[in-house]
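**Q**
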Amino acid sequence: MTTQNAAPQRRADHPTWWRIPLVASALGLPVLALEYSAIRAQAGMGQYGAVLYWALALYAVAWAPPHRRSFRTLRILASGAALTITLLPVTLLLLLGAMLPG
Numbered sequence: 040m041t042t043q044n045a046a047p048q049r050r051a052d053h054p055t056w057w058r059i060p061l062v063a064s065a066l067g068l069p070v071l072a073l074e075y076s077a078i079r080a081q082a083g084m085g086q087y088g089a090v091l092y093w094a095l096a097l098y099a100v101a102w103a104p105p106h107r108r109s110f111r112t113l114r115i116l117a118s119g120a121a122l123t124i125t126l127l128p129v130t131l132l133l134l135l136g137a138m139l140p141g
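Numbering-wise, the sequence shown is residues 40 to 141 according to this note's numbering.
1. Could you say which of 89, 63 and 52 lies nearest to residue 144 if we only look at CA atoms?
2. My guess is that residue 68 and residue 98 are in contact by the Cβ rule of under 8 Å, so how many angstroms apart are they, rounded?
3. Report all residues from its chain with a CB closer than 7 Å to the CB of residue 88; omit the five preceding and five following residues, and keep chain order.
4. Looking at the strands, I want to know which residues DSSP matches up with residue 114.
5. For a quick check, are the C-beta atoms of residue 124 and residue 70 less than 8 Å apart?
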């Protein structure tokens, strides 16, 4: 006769769940704040404002899920997308400035 444990087994928390959101937030949030202040100084957000809000929401999504290993892919995708959305305009401006004759 075998007995089964009826208690549900709790999944182990992922010990380094915070690394990817922290790196993305440390690199992207200061740039996002600068972009936000520059856009607000120009008297209106326009369509670019929605992009800033999407980036901020993706940073929140990167931090919000439970600390399980099964949410690692969601964290990586949300952090990467938020960082890409944040750094793409700055990168394009730097590239355009490098291409213009000085």
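For every residue, glycine included, the Cβ atom is placed at its ideal position computed from N, Cα and C.
**A** By the coordinates alone:
1. This structure cannot speak to residue 144, because the chain is shown only from 40 to 141.
2. For residue 68 against residue 98, the beta-carbon gap comes to about 7 Å, under 8 Å, which counts as contact.
3. Beyond the five residues adjoining it in sequence on each side, residue 88 comes within less than 7 Å, by CB distance, of 78 in the same chain, given in chain order.
4. Per DSSP, none; premise fails for residue 114.
5. No, they are not a contact pair.
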